[in-house]
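Below is one structure, written out as structure tokens; the observations come after it.
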Amino acid sequence: MFLIKNLILFITLMANFSLANAGWLDLNMTEGVTDISQEVFGLHMLILWICVVIGVLVFGAMFWSILMHRKSKGVTPATFHESTSLEFLWTIVPFVILIGMAVPATKTLIKMYDHSDSEIHIKITGYQWLWQYEYLNTNVSFYSKLSTPYDEIYNKSTKNVNYLQEVDKELIVPVNKKIRFLLTSNDVLHAWWVPDLALKKDAIPGYINEMSVVINEPGIYRGRCAELCGRHHGFMPIVIKAVEEKEYEEWLANAEKAKTSDVAKINK
Amino acid sequence: MSSVVKDTHHDEHPSGIMRWITTTNHKDIGTLYLWFAMIMFFIGGLMALVIRSELFQPGLQFVDPQFFNSMTTMHALVMIFGVVMPAFTGLANWMIPIMIGGPDMALPRMNNWSFWIMPFAFSMLLSTLWMDGGAPAGGWTLYPPLSLQTGDAFPFLIFAIHFMGLSSIMGAINIVATILNMRAPGMTLMKMPLFVWTWLITAFLLIAVMPVLAGGVTMLLTDKFFGTSFFNAAGGGDPVMFQHIFWFFGHPEVYILILPSFGVVSAIIPTFARKPLFGYSSMVYATASIAFLSFIVWAHHMFTVGMPLAGEVFFMFATMLIAVPTGVKVFNWVTTMWKGAMTFETPMLFAIGFIVMFTIGGFSGLMLAITPADFQYHDTYFVVAHFHYVLVPGSIFAIMAACYFWLPKWTGNMYPETLGKIHFWLSTFFVNLTFFPMHFVGLAGMPRRIPDYSLQFADYNMIASIGAFGFGFAQLIFLYLIIKTIKGGSKATDQVWEGAEGLEWTLSSPPPYHSFSTPPVIK
Amino acid sequence: MSESGSYYVPHGSKWPIIATIGVCTAMVGGSSLLNGNDMGKYILAIGLAMVVFMIVGWFSTVISESEDGMYDEQVDSSFRWGMIWFIFSEVMFFAAFFGALFYVRTYSLPWLGGEGTGLATNTFLWPEFENIWPSTANGPGEIGGDFKTMGAWGLPALNTAILLTSGVTLTWAHHALKEMKRMQLIIGLALTVALGAVFMYFQAVEYGHAFNDLNLNMGSGIYGSTFFMLTGFHGFHVTIGTIMLLVILGRSIYGHFNPKNHFAFEAVAWYWHFVDVVWLGLFIFVYWV
Ligand code: HEA
Ligand code: HEA
Ligand code: CUA
Ligand SMILES: [Cu+2]
Chain A
29 MFLIKNLILF ITLMANFSLA NAGWLDLNMT EGVTDISQEV FGLHMLILWI CVVIGVLVFG
89 AMFWSILMHR KSKGVTPATF HESTSLEFLW TIVPFVILIG MAVPATKTLI KMYDHSDSEI
149 HIKITGYQWL WQYEYLNTNV SFYSKLSTPY DEIYNKSTKN VNYLQEVDKE LIVPVNKKIR
209 FLLTSNDVLH AWWVPDLALK KDAIPGYINE MSVVINEPGI YRGRCAELCG RHHGFMPIVI
269 KAVEEKEYEE WLANAEKAKT SDVAKINK
Chain B
791 MSSVVKDTHH DEHPSGIMRW ITTTNHKDIG TLYLWFAMIM FFIGGLMALV IRSELFQPGL
851 QFVDPQFFNS MTTMHALVMI FGVVMPAFTG LANWMIPIMI GGPDMALPRM NNWSFWIMPF
911 AFSMLLSTLW MDGGAPAGGW TLYPPLSLQT GDAFPFLIFA IHFMGLSSIM GAINIVATIL
971 NMRAPGMTLM KMPLFVWTWL ITAFLLIAVM PVLAGGVTML LTDKFFGTSF FNAAGGGDPV
1031 MFQHIFWFFG HPEVYILILP SFGVVSAIIP TFARKPLFGY SSMVYATASI AFLSFIVWAH
1091 HMFTVGMPLA GEVFFMFATM LIAVPTGVKV FNWVTTMWKG AMTFETPMLF AIGFIVMFTI
1151 GGFSGLMLAI TPADFQYHDT YFVVAHFHYV LVPGSIFAIM AACYFWLPKW TGNMYPETLG
1211 KIHFWLSTFF VNLTFFPMHF VGLAGMPRRI PDYSLQFADY NMIASIGAFG FGFAQLIFLY
1271 LIIKTIKGGS KATDQVWEGA EGLEWTLSSP PPYHSFSTPP VIK
Chain C
13 MSESGSYYVP HGSKWPIIAT IGVCTAMVGG SSLLNGNDMG KYILAIGLAM VVFMIVGWFS
73 TVISESEDGM YDEQVDSSFR WGMIWFIFSE VMFFAAFFGA LFYVRTYSLP WLGGEGTGLA
133 TNTFLWPEFE NIWPSTANGP GEIGGDFKTM GAWGLPALNT AILLTSGVTL TWAHHALKEM
193 KRMQLIIGLA LTVALGAVFM YFQAVEYGHA FNDLNLNMGS GIYGSTFFML TGFHGFHVTI
253 GTIMLLVILG RSIYGHFNPK NHFAFEAVAW YWHFVDVVWL GLFIFVYWV
């Protein structure tokens, strides 16, 4: 009785809150905007459902037994306590299921590790607490840090929609081109994570990690530092803007020019 | 078989505080461990409530971000090293000598030492809260270079870890020696209760990995104070090397936190199903397989550090394999219940709660093991949800189940059953309210170890915080119930539970000061 | 397993709490010292004094109980299991440092030098660095400056011979004990102690050579780190082992042991052999290859 009452309470509570919320999408992993992120989402749903099914079977058997095989029903307990064939069965079956998960997972993983034929190379350096982006083979480089005003953080003014996920300078990249990121850090560990691109990797001082991505759709994608890096770890967002190739070329040309004139100014 | 315990001063035990300070009695020491764990549970829980208060709403309300990180770090260290490990060691102390028909632990003085280190080590650790630069705030995983930025607390942290490591190692050596050497004649290994078996294997894990942690933190210490370069690329080292060392300890550690629970549950389910445990020997082999596998999966905590592909694949496969022996255990428990004649006293409720919620936590663990998916899960609240499911309704529930199960034996009094049931249902409701929503915010992209978050995570964090306070206050019932039972209650019989089997139930409730002064006869 | 059906349970003891307070005091003192507080020295000294006092006291209690014949076979066996697992934990402690050595040699240094997945690391961060073990093993930052490495065939080889010989003398003494040859026992033990002491002396000479002539110290990058950590902890264990051997020597002179009952002797012997084996690992992987 208790169990059922609580269960109903719990479900209604959950339903209430999720209705008030933006809905299902906020409850699940993002599908993302790359082929690989979609594969990852597929894997996630596959294992989730396998687990749900196993869970239903196991808990089903258990609750059946809890309901039917209770002393208050006047049953006499059975005495069996061994069965080699059963034991064999429930060793082999999970094993086979696991292989079924491991194969597609490995395939996706191998794709993720393929950084060949990248056309654009960007070096990312983590600092306490901001990111630096350098477009390799150009002179473009800049820092990117949180732009949310302190008043919002300290509850002195209302928080805007992009509270804590906005930066002063976005990372601009083209769509449909393979981009390779070279990731490192200047002080402690950080991790560069953008869920929509299914990219997360640690930035390690003294070492470079690589990852690559092809973005399918233009848009603004928001992520965050995902490795504890000190006091402002929670305040180290990433914003990446994917644009059409032409727009990107224009932006890059302008940025290079601006940089050159900056340098010229300094040298004068 | 007439023989007596050769005690240098027979029935005289010192009274007052000195009894507890100098005691070599396994039951006294077990009690001390359990009370210590209880106190630390409230301290660690209070820290969790600080975390949950700050996360109740977006924005910074109560604490400085640095202090928030200290709370996260200390909460985990206290809960793992100060609650679950000592609680299980306490249960081991109380029950293992009785279960194997021995008089006491094998090395009783060292047993006393293992315990008394704990309060001192934790005083040292907790004192860092008031030091210059604050308490450690680099996460319980202590990753350098961040952990090297700790202020005055740093050496205290390292030495506190050495100290409690020493305690755990000695405690574990004692348990191994007890099990291997103190069994009554006829108590063969394959006749031992599973709780004894799981602890034997746990103790082995402890002896194997605690020294590795000690070595790792020693390297942190010398990197900070003596100019070594273990974790510094410029000197040829690698920050990631610390993670390898830490998780070589850390992963077996999480099984140290769960294997004894398996033993507890394997004792409770057959008792209340009035039916022998299904698949005793496969339970033993499964436990051993889990322990073996636990040594070769550590890098699943490090999928995002940029290991070579072969490493990622190996650690993914090895990790997934653990689902097989763990599954065997779950299936065995369910089959033990099948066609039993069950009753649902509080220990049984907690044991069933354990099976269900631990399995949910195991499922999310399996999801985490899938490397490409872990790139999305890693360092988010999905991970936090995973490990709280295996630790809170896992380890903690098992400890509570054990307390209810053996409390009548320990005190000689029955606990108030209705209150116990209320405690169970409130705990179960609130623990899910706290930790289930964390799956959602994690998948939606909320990183762990942050004091403030963006707006889309607000609703579920609020629910989780409400749940945490509810769960916390429900534990006050537990405290009250235990004190009440110690003070009095209806007298418990020797067997206590109708379906109970095993040596502990042949002794009086409470058992005599020296459990078995003559070796019992084993059927 | 108990065959006799008789159980021994020791009475309460104050030594554990003294041990705890002593170690805790030493740790607090050491921490304060590391944090630059001069008072730390004194607190550390007090703590260590308490620890020494405790060790002497605790062991005297155990020895006198043992001499009074209070321990039966089961207690003896408990002690044995305790010692075996303690040594196993020590093995794992050293494993952490050996693991670190293997890791830097097979992974981190080659990566920094551009091998395997380390190409980008080398090109962008450390373009000058070439990995040649051990000569560039103070890393791309050349931490600690130029240094020379310790060769294997001078003192270290001699020390290997010394430790191996000490293992033989100790076994010789053990046989003597079992055959009740008192003189041989004492000579064997004394030789072992002497060899241990000579080993430590040579180790000290070697350290002096490293500091003064090779510019090699703990700060010499990862080479110096692993070198001094491994040899240092090993040397510390040799010191402890030698002290324990001295105690055993003293007890042998007092005639404490008999052919059947000499657990303390065996425990120390196991420990000494363990230290010996660790040294072989050190000699091979730290000095030689
Ligand atoms: C009691 C502690 C405990 C236990 C038992 C487990 C059990 C498991 N854990 Fe968990 N884990 C932790 C405590 C624990 N974990 C902690 C504390 C962390 C975080 C540390 C930190 O970063 O701070 C962590 C993190 C963690 C990670 C890293 C996540 C990340 O940081 O990115 C991973 C990844 O693989 C993982 C996997 C697993 C797996 C596969 C199991 C398996 O053992 C689970 C096996 C059980 C089942 C699968 C359920 C029952 C089985 C069946 C019913 C059979 C049939 C099932 C199938 C075939 C699917 N855990
Ligand atoms: C056994 C281990 C264990 C246990 C039992 C718990 C229990 C709890 N944990 Fe913990 N937790 C960890 C192990 C554990 N945790 C670990 C390993 C981490 C990772 C740390 C890291 O990232 O480094 C972590 C991190 C962690 C986080 C993430 C922090 C972050 O990433 O910043 C959160 C957030 O909600 C949390 C919450 C809770 C809650 C609400 C409980 C509740 O179950 C607690 C229940 C509450 C009480 C028991 C309080 C009772 C007290 C009162 C009611 C007080 C009133 C009375 C008096 C004063 C007399 N934990
Ligand atoms: Cu940068 Cu967290
Ligand atoms: Cu793990």
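Residue numbers (our numbering), protein chains in the order written: chain A, 29 to 296; chain B, 791 to 1313; chain C, 13 to 301. Heads up, the beta-carbon is just placed ideally off N, CA and C, and yes, glycines get one too.
When you measure from the CB of B/V1182 to every non-hydrogen atom of ligand 2, does any distance come out below 8 Å?
Here residue 1182 of chain B corresponds to residue number 392 of the second sequence, with the count starting at 1. Yes, ligand 2 has a heavy atom inside 8 Å of this Cβ.
Checking contacts by CB at 9 Å: is C/G42 closer than that to chain B?
What you label residue 42 of chain C is simply residue 30 of the third sequence in a count that begins at 1. Yes, its Cβ sits closer than 9 Å to a Cβ of chain B.
Can you check whether the C-beta of A/W302 is within less than 9 Å of a C-beta belonging to chain B?
Past the boundaries of the shown model lies residue 302 of chain A; chain A is included only from 29 to 296, so the question cannot be answered.
Rounded to whole angstroms, what is the Cα-Cα separation between B/N995 and B/F985?
Taking the first residue of the second sequence as position 1, residue 995 of chain B is located at position 205. Taking the first residue of the second sequence as position 1, residue 985 of chain B is located at position 195. Position check: residue 995 of chain B holds Leu in this sequence, whereas Asn was assumed. Taking the straight line from one Cα to the other gives about 15 Å.
Paired residues, beta bridge with B/V1231 - DSSP
Numbered from its first residue, the second sequence carries residue 1231 of chain B at position 441. BP columns for B/V1231 are empty, so no partner.
Nearest residue (CA-CA) to A/T107, options B/S1244, B/M1097, B/T1125, B/V1095
Your numbering for residue 107 of chain A matches position 79 in the first sequence. Answer by Cα proximity: B/T1125.
Return the residue from the list A/L137, A/A133, A/I82, A/A283 that minimises the CA-CA distance to B/M1097.
Counted from its first residue, the second sequence places residue 1097 of chain B at position 307. Taking only the C-alpha atoms, the option nearest B/M1097 is A/L137.
Do the CB positions of B/G849 and A/E275 come within less than 9 Å of each other?
Translated into positions along the second sequence, residue 849 of chain B becomes position 59. Translated into positions along the first sequence, residue 275 of chain A becomes position 247. No, Cβ-Cβ distance for B/G849 and A/E275 is not below 9 Å.
Along the chain, where does the alpha helix (DSSP H) that runs through B/P1115 open and close?
Here the question's residue 1115 of chain B lines up with position 325 in the second sequence. Per DSSP, B/P1115 belongs to the alpha helix (DSSP H) from 1113-1127.
What residue from A/N165, A/K229, A/V216, A/Q66 has the CA that sits closest to B/L936's CA?
One-based indexing of the second sequence puts residue 936 of chain B at position 146. Of the listed residues, the one whose Cα sits closest to B/L936 is A/V216.
Quick one: what does DSSP say A/N237 is sitting in, helix, strand or coil?
Sequence index remark: in the first sequence, residue 237 of chain A carries index 209 (1-based). The answer is strand: DSSP assigns A/N237 an E or B state.
Tell me whether the beta-carbon of B/F826 lies closer than 9 Å to the beta-carbon of B/P909.
The count along the second sequence starts at 1 and reaches residue 826 of chain B at position 36. The count along the second sequence starts at 1 and reaches residue 909 of chain B at position 119. A contact, by the Cβ cut-off of 9 Å.
Buried/exposed call for A/G247, threshold 16 Cβ in 10 Å:
By one-based count along the first sequence, residue 247 of chain A stands at place 219. Looking at its Cβ environment, which holds fewer than 16 other Cβ atoms inside 10 Å, A/G247 is exposed.
With distance defined between alpha-carbon atoms, name the residue in B/I1145, B/F1153, B/N1203 nearest to A/L74.
Here residue 74 of chain A is taken as the residue at index 46 of the first sequence, counted from 1. The shortest Cα separation from A/L74 among B/I1145, B/F1153, B/N1203 belongs to B/F1153.
Would you say A/L280 reaches chain C, if we count a Cβ-Cβ gap shorter than 9 Å as a contact?
Residue 280 of chain A sits at position 252 when you count from the first residue of the first sequence. Not an interface residue.
Keeping to the same chain, check which residues put their C-beta closer than 7 Å to that of C/R92; ignore five residues upstream and five downstream.
For the purposes of this step, residue 92 of chain C is taken as residue 80 along the third sequence, with counting starting at 1. F275.
Residues of its chain near B/T988, where Cβ-Cβ distance is below 6 Å and the 5 sequence neighbours each way are ignored
Taking the second sequence and counting its residues from 1, the one referred to as residue 988 of chain B is at position 198. Closer than 6 Å at the Cβ level, and outside the excluded window around B/T988, lie L1049, P1050, F1052, G1053, T1077.
On the DSSP bridge assignment, give the partners of A/P202 in chain order.
Within the first sequence, the letter at position 174 stands for residue 202 of chain A. A/P202 pairs with A/V271.
Could you tell me if the beta carbon of A/L199 falls within a distance shorter than 8 Å of some heavy atom in ligand 3?
In the first sequence, the residue the question calls residue 199 of chain A occupies position 171. Answer for A/L199: no, Cβ out of range of ligand 3.
For C/P122, which residues in the same chain have their Cβ closer than 8 Å to its Cβ, ignoring the five residues on either side in sequence?
Taking the first residue of the third sequence as 1, we reach residue 122 of chain C at position 110. Result list for C/P122: G128, G130, N143, in chain order.
CB B/M1009 to CB C/M241, shorter than 9 Å?
Residue 1009 of chain B sits at position 219 when you count from the first residue of the second sequence. Residue 241 of chain C sits at position 229 when you count from the first residue of the third sequence. Their beta carbons are under 9 Å apart, which means B/M1009 touches C/M241 by this criterion.
How would the residue list near ligand 3 read, in chain order, if you kept each one whose beta-carbon is closer than 5 Å to any heavy atom?
A/H218, A/C253, A/C257, A/H261, A/M264
For ligand 6, is there a heavy atom less than 8 Å away from the beta-carbon of B/A866?
This structure lacks ligand 6; the ligands present are ligand 1, ligand 2, ligand 3 and ligand 4.
Which residues mark the beginning and the end of the alpha helix (DSSP H) in which A/A219 is found?
As a working note, residue 219 of chain A is residue 191 in the first sequence. No alpha helix (DSSP H) holds A/A219; the beta strand (DSSP E) holding it covers 218-222.
Does the beta carbon of C/W282 sit closer than 9 Å to a beta carbon anywhere in chain A?
By one-based count along the third sequence, residue 282 of chain C stands at place 270. C/W282 does not count as touching chain A.
Could you give the distance in angstroms between the alpha-carbon of B/F1214 and the alpha-carbon of C/N229?
Your numbering for residue 1214 of chain B matches position 424 in the second sequence. Your numbering for residue 229 of chain C matches position 217 in the third sequence. Straight-line Cα distance between these residues: approximately 59 Å.
Candidates C/V63, C/G253, C/H249: closest to C/T204 by CA position:
Here the question's residue 204 of chain C lines up with position 192 in the third sequence. Closest by alpha carbon: C/G253.
Proximity of C/F105 and B/P1115 at Cβ, strictly below 9 Å:
Here the question's residue 105 of chain C lines up with position 93 in the third sequence. Here the question's residue 1115 of chain B lines up with position 325 in the second sequence. No, they are not a contact pair.
Scan the segment 164-227 of chain C and note each continuous alpha helix (DSSP H) run of 4 residues or more that stays entirely inside, going in chain order.
167-190, 194-225
Helix, strand or coil for A/K285, going by three-state DSSP, please let me know.
Residue numbering aside, residue 285 of chain A sits at position 257 when the first sequence is read from its first letter. In the structure shown, A/K285 sits in a helix (DSSP, three-state: H, G or I).
Check the DSSP bridge columns for C/V289 and list the partner residues they point to.
Position 277 of the third sequence, counted from the first residue, corresponds to residue 289 of chain C. None; C/V289 has no bridge partner.
Straight-line Cα distance separating A/K173 from C/I155:
Counting from 1 along the third sequence, the entry for residue 155 of chain C is found at position 143. Counting from 1 along the first sequence, the entry for residue 173 of chain A is found at position 145. Distance between the alpha carbons of C/I155 and A/K173 is about 32 Å.
How long is the line joining the alpha carbons of B/S1084 and A/S175, rounded to whole angstroms?
As a working note, residue 1084 of chain B is residue 294 in the second sequence. As a working note, residue 175 of chain A is residue 147 in the first sequence. If I take the Cα positions, the gap works out to 44 Å.
For my contact list, B/P1310 and B/G891 are in at a C-beta cut-off of 8 Å; report their separation, rounded to the angstrom.
Here the question's residue 1310 of chain B lines up with position 520 in the second sequence. Here the question's residue 891 of chain B lines up with position 101 in the second sequence. With a Cβ gap of about 4 Å, B/P1310 and B/G891 count as contacting.
Would you verify that the beta carbon of C/P22 is, or is not, closer than 9 Å to some beta carbon of chain B?
Start at 1 with the first residue of the third sequence, and residue 22 of chain C comes out as number 10. It does; some Cβ of chain B falls within 9 Å.
I need the straight-line Cα distance from B/W1123 to B/L1067, nearest angstrom please.
For the purposes of this step, residue 1123 of chain B is identified with residue 333 of the second sequence, where counting begins at 1. For the purposes of this step, residue 1067 of chain B is identified with residue 277 of the second sequence, where counting begins at 1. Cα to Cα, the separation comes out at about 7 Å.
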